[in-house]
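Peer 1: Encoded as structure tokens, here's the structure I'll be asking about.
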Amino acid sequence: MIPDVSKALSWLEANPTVLDGICRGIERETLRVTPDGHLAMTKHPEPLGASLTHKWITTDFAESLLEFITPVDSDIKRSLDFLKDLHRYTAKNLINEKTWPLSMPCFIDKEEDITLAQYGKSNIGRFKTLYREGLKNRYGALMQTISGVHYNFSLPISFWQAWLGVKDAESGREQISDGYFKLIRNYYRFGWVIPYLFGASPAICSSFLRGRDTTLFFEQTEKGTCYLPYATSLRMSDLGYTNKSQSDLNITFNSLHTYVTGLKKAIHKPSAEFAALGLKKEGKYLQLNTNVLQIENELYAPIRPKRVTGEGESPSDALLRGGVEYIEVRSLDINPFTAIGVDETQLRFLDLFLIWCAVADSPEMSDEELDCCRKNWHKVILEGRRPNLDIGIGCGAKQQPLKIVGQELFADLERVAEVLDSCSGTQYQSVCRELVGMFEDPSLTFSARVLDRMKTQGIVGFGIELANKYYLELVNEPYSILNDERFSMEREVSVERQHDLERQDSVSFEDYLKLHAES
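Per the numbering used here, the very first residue in the sequence shown carries number 10; after that it's consecutive.
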């Protein structure tokens with residue numbers, strides 16, 4: 010069963026103000042597509058500024074894969090309003106294009122149609138594009154066009170002071186880091202609840218499977234949609250987000266130092282598979298290096314410990330310098346029921362769940378238990394809505410009905426919700442009441458709701474209908490926080506920032522790569 014957190018919840022109920030000041034940030038990815046649902050082949054739109062240096066609008070793997078980034082904020086509604094303004098401005102400045110409303114990509118005829126994101130002539134810009142070249146050659150470009158939502162979350166220092174007895178963030182950084190790693194371990198144990206509730210990629214376009222080996226037994230509609238009848242998030246399966254080549258890295262989450270040690274070891278561990286690709290071909294680089302990971306961001310994970318990096322600083326060095334500052338949740342599919350890919354209900358649920366993960370007992374996790382946790386995720390991802398599905402709680406423990414475990418978890422989350430609502434309204438409690446019914450009736454889950462539409466209309470038809478609907482919604486709404494003047498100013502500033510980087514380069518790209526390899 011789930012851990013007994015009654016004492017921790019009683020403590021929260023007696024100290025509700027320790028949760029005041031939770032900070033959040035949202036990152037949403039989306040493909041630019043043509044009116045017929047094909048991948049856009051155009052360059053990053055000029056009105057959106059320089060993707061290398063824009064604070065809010067950038068690109069991910071591909072030139073056509075937009076990423077919207079909100080500033081850190083303690084107000085959920087303000088974060089969502091900001092995110093919607095980014096969508097509104099973008100929609101108004103796309104020419105005969107829309108943003109794709111699903112996690113799994115639109116129709117892509119061939120991988121050669123996918124242009125890598127371009128970041129200009131600076132060494133850092135060329136480095137970022139070459140990293141993507143390596144991803145393409147290692148794993149294929151199609152996998153990298155899958156879109157998701159990342160949720161950045163940090164608990165206030167007042168929580169850690171009361172919960173751990175630390176004085177401040179600087180002197181208590183090791184204890185706070187340990188607290189976040191306890192949260193991360195519980196996320197691995199119970200985070201499968203996120204794809205169960207919000208997974209929205211139970212099907213894919215048949216073009217995505219062309220030339221790919223898979224052991225999954227897909228059913229297929231006449232419209233070319235391939236699906237698994239009980240799947241929740243194919244984005245999180247071996248077809249997409251996860252990466253089998255990283256399964257033996259043995260990166261653990263028992264402490265900051267063991268995590269960073271494992272990550273740095275992977276960065277410098279040679280790979281026979283990637284060495285076979287070669288570093289260069291006909292004078293052109295194929296990847297940054299031939300190690301298991303080119304850089305730390307190549308590690309695929311449903312959650313990451315993070316700290317804002319300094320100039321030229323790697324993510325792991327930033328963690329060693331200052332400890333864990335926040336965590337990045339990476340297991341949210343695009344929500345197709347909203348124009349901005351995520352909604353308030355989801356964010357409030359994540360708040361509840363992450364707080365629960367932070368206060369619930371979280372013993373150290375063996376490699377064996379981590380493997381068992383991953384198997385639970387895999388089961389929910391591929392067949393989460395299967396009737397009478399069981400889930401493992403602890404390695405070697407008796408399997409429990411997923412429905413029962415989910416309902417027990419929500420009984421705890423309801424108490425956390427009462428704490429968060431104690432000073433203002435009943436929003437969190439309403440979220441619990443809305444979502445708990447999905448365990449009794451899986452047809453209420455996101456994946457069940459979208460699968461019916463995908464099977465009837467096909468992935469492309471369903472996506473185009475939503476893309477058109479949301480485009481009209483966005484272009485006809487006024488801004489909530491930003492305005493055209495601020496967007497224009499950021500566009501101009503971002504272009505100048507990129508030019509500054511290009512002017513400041515003092516070494517050749519070859520030397521830049523050597524310096525990076527030595528760091």
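We put the CB at the ideal spot given by N, CA and C, even for glycine.
The structure presented is a predicted model; accordingly, all values stated were derived computationally and were not measured.
1) For the putative contact between I31 and S83, defined by C-beta atoms under 8 Å, what is the C-beta separation to the nearest angstrom?
2) Near E392, which residues of its chain fall below 8 Å by C-beta distance, leaving aside the five closest residues on each side in sequence?
3) Have a look at F199, K86, Q438 and F91 and flag the residue whose alpha-carbon is nearest the alpha-carbon of C404.
4) Throw me the rounded Cβ distance for the L359 and Y488 pair, which I believe falls under 8 Å.
5) Note the first and the last residue of the continuous beta strand (DSSP E) segment covering Q409.
6) Taking the beta strand (DSSP E) that N161 belongs to, which residues open and close that run?
7) Can you find the residues in the same chain that come closer than 6 Å, C-beta to C-beta, to Y197, ignoring five residues on each side of it along the sequence?
8) Which of the three DSSP states, helix, strand or coil, is assigned to Q229?
9) Report the three-state DSSP secondary structure of L218 (helix, strand or coil).
10) Jot down the residue ranges of each uninterrupted alpha helix (DSSP H) in the segment 285 to 349, minimum 4 residues, whole runs only, in chain order.
11) Mapping the DSSP letters down to three states, classify E106 as helix, strand or coil.
12) Closest by CA to F346, which one among E499, F207, T124 and A17?
13) Buried or exposed for L481, going by 16 or more other Cβ atoms inside 10 Å?
14) Please determine, among D380, S167, R135 and N300, the residue with the shortest C-alpha to C-alpha distance to T261.
15) Let me check one thing: in DSSP terms, what residues is F77 bridge-paired to?
16) Since P279 sits in a beta bridge, which residues does DSSP pair it with?
17) Please name the residue in G188, P451 and S433 whose C-alpha comes closest to that of Q416.
18) Select from F419, R41, F455 and Y437 the residue whose C-alpha is nearest the C-alpha of I390.
19) Could you check which residue in K64, G58, T154 and D13 has the C-alpha nearest to that of H40?
20) Taking buried to mean at least 16 other C-beta atoms within 10 Å of its own C-beta, is I276 buried or exposed?
21) Check whether the segment 500 to 507 touches the segment 52 to 63, taking contact to mean three or more Cβ pairs, one atom from each stretch, closer than 8 Å.
22) What does DSSP give as the partner residue(s) for I354 in the beta ladder?
23) Whose C-beta lies closer than 7 Å to the C-beta of F227 among residues of the same chain, with five residues either side of it excluded?
24) For the alpha helix (DSSP H) that contains G467, what are its first and last residues?
25) For a quick check, are the C-beta atoms of S210 and V27 less than 7 Å apart?
26) Leaving out the 5 sequence neighbours to the left and right, which residues in its chain are closer than 6 Å to Q507 when beta-carbon positions are compared?
27) Report the rounded CA-to-CA distance for F419 versus E183, giving the unit in angstroms.
28) Roughly how many whole angstroms lie between the Cα atoms of S73 and Q408?
29) Can you tell which of L144, E353 and T354 has its C-alpha closest to the C-alpha of D69?
30) Could you spell out the range, first to last residue, of the beta strand (DSSP E) harbouring T509?
31) Look at the alpha carbon of K119 and the alpha carbon of Y205, and state the distance between them as a whole number of angstroms.
32) In terms of alpha-carbon separation, which member of V414, E337 and A426 lies closest to S163?
33) For G319, count neighbouring C-beta atoms within 10 Å of its own C-beta (all shown protein chains included) and say buried if the count is 16 or more, exposed if not.
34) Three or more C-beta pairs closer than 8 Å, one from the segment 469 to 476 and one from the segment 97 to 113: is that the case here?
35) If the criterion is Cβ atoms closer than 7 Å, does the pair I123 and G332 meet it?
36) Return helix, strand or coil for V175, following the three-state DSSP convention.
Peer 2: Once the coordinates are examined:
1) In the sequence shown, residue 31 corresponds to position 22, counting from 1. In the sequence shown, residue 83 corresponds to position 74, counting from 1. With a Cβ gap of about 6 Å, I31 and S83 count as contacting.
2) To locate residue 392, count along the sequence shown from 1; it is residue 383. Around E392, the same chain offers L237, Y239, A240 and L398 as residues with beta carbons nearer than 8 Å, after the five sequence neighbours per side are excluded.
3) In the sequence shown, the residue the question calls residue 404 occupies position 395. The shortest C-alpha separation from C404 is found at F199.
4) Counted from its first residue, the sequence shown places residue 359 at position 350. Counted from its first residue, the sequence shown places residue 488 at position 479. Between Y488 and L359 the Cβ distance is about 26 Å, and since that is not below 8 Å, they are no contact.
5) As a working mapping, residue 409 is identified with position 400 in the sequence shown. Counted as a single uninterrupted DSSP element, the beta strand (DSSP E) harbouring Q409 occupies residues Q408 to P410.
6) Translated into the one-based positions of the sequence shown, residue 161 becomes position 152. In the DSSP annotation of this structure, the continuous segment of the beta strand (DSSP E) that includes N161 starts and ends at G157 to S163.
7) The residue given as residue 197 occupies position 188 in the sequence shown. Once the five neighbours on either side are set aside, the close Cβ partners of Y197 are C382.
8) The residue labelled residue 229 in the question sits at position 220 within the sequence shown. Strand at Q229.
9) To locate residue 218, count along the sequence shown from 1; it is residue 209. L218: coil per DSSP, three-state reduction.
10) Along the length of the segment 285 to 349, whole alpha helix (DSSP H) runs at least 4 residues long occupy 324 to 331, reported in chain order.
11) As a first step, residue 106 is located in the sequence shown; it is residue number 97 there, counting from the start. Here E106 sits in coil by DSSP.
12) Working through the sequence shown from its first residue, we reach residue 346 at position 337. Of the candidates E499, F207, T124 and A17, the one whose C-alpha sits nearest the C-alpha of F346 is F207.
13) For the purposes of this step, residue 481 is taken as residue 472 along the sequence shown, with counting starting at 1. Exposed, since its Cβ has fewer than 16 Cβ neighbours within 10 Å.
14) Here the question's residue 261 lines up with position 252 in the sequence shown. Among D380, S167, R135 and N300, the Cα nearest to that of T261 belongs to D380.
15) For the purposes of this step, residue 77 is identified with residue 68 of the sequence shown, where counting begins at 1. F77 pairs with R37 and I66.
16) In the sequence shown, residue 279 corresponds to position 270, counting from 1. DSSP, once it has assigned bridges, lists N300 as partnering P279.
17) Counting from one through the sequence shown, the residue named residue 416 turns up at place 407. Out of G188, P451 and S433, the CA that lies nearest to the CA of Q416 is found in P451.
18) For the purposes of this step, residue 390 is taken as the residue at position 381 of the sequence shown. Comparing Cα positions, the closest option is F455.
19) Taking the first residue of the sequence shown as 1, we reach residue 40 at position 31. For the sequence presented, residue 40 should be read as Leu rather than His. Put simply, of K64, G58, T154 and D13 the residue whose alpha carbon is nearest the alpha carbon of L40 is T154.
20) Stepping through the sequence shown from its first residue, residue 276 is reached at position 267. When all chains shown are included, I276 counts as buried.
21) Contact between the segment 500 to 507 and the segment 52 to 63 is present, because at least three Cβ pairs lie under 8 Å.
22) Looking up residue 354 in the sequence shown gives position 345. Sequence check: residue 354 is Thr here, not Ile. T354 has no beta-bridge partner at all, per DSSP.
23) What you label residue 227 is simply residue 218 of the sequence shown in a count that begins at 1. Answer for F227: C235, Y236 and L237, listed in chain order.
24) If you number the sequence shown from 1, residue 467 lands on position 458. Unbroken alpha helix (DSSP H) run through G467: F455 to V484.
25) Reading the sequence shown from its first residue, position 201 is the one you call residue 210. Reading the sequence shown from its first residue, position 18 is the one you call residue 27. Not in contact: S210 and V27 (Cβ atoms no closer than 7 Å).
26) If you number the sequence shown from 1, residue 507 lands on position 498. The residues are A59, L61, T62 and G129.
27) Locating residue 419 in the sequence shown gives position 410, counting from the first residue. Locating residue 183 in the sequence shown gives position 174, counting from the first residue. Taking the straight line joining both Cα atoms gives about 31 Å.
28) Within the sequence shown, the letter at position 64 stands for residue 73. Within the sequence shown, the letter at position 399 stands for residue 408. Rounded to the nearest whole angstrom, the CA to CA distance from S73 to Q408 is 44 Å.
29) Taking the sequence shown and counting its residues from 1, the one referred to as residue 69 is at position 60. Among L144, E353 and T354, the Cα nearest to that of D69 belongs to L144.
30) Counted from its first residue, the sequence shown places residue 509 at position 500. According to the sequence as given, residue 509 is Asp; it is not Thr. Segment D493 to Q513 is the alpha helix (DSSP H) holding D509; no beta strand (DSSP E) there.
31) What you label residue 119 is simply residue 110 of the sequence shown in a count that begins at 1. What you label residue 205 is simply residue 196 of the sequence shown in a count that begins at 1. The straight-line gap from Cα to Cα measures roughly 31 Å.
32) In the sequence shown, the residue the question calls residue 163 occupies position 154. The shortest C-alpha separation from S163 is found at E337.
33) Locating residue 319 in the sequence shown gives position 310, counting from the first residue. With a 10 Å radius around the Cβ and a threshold of 16 neighbouring Cβ atoms, G319 comes out exposed.
34) In short, these stretches touch, since the Cβ pair count reaches three.
35) Position 114 of the sequence shown holds residue 123. Position 323 of the sequence shown holds residue 332. Taking C-beta atoms as the reference points, I123 and G332 fail to come closer than 7 Å.
36) If you number the sequence shown from 1, residue 175 lands on position 166. It is coil, neither helix nor strand.
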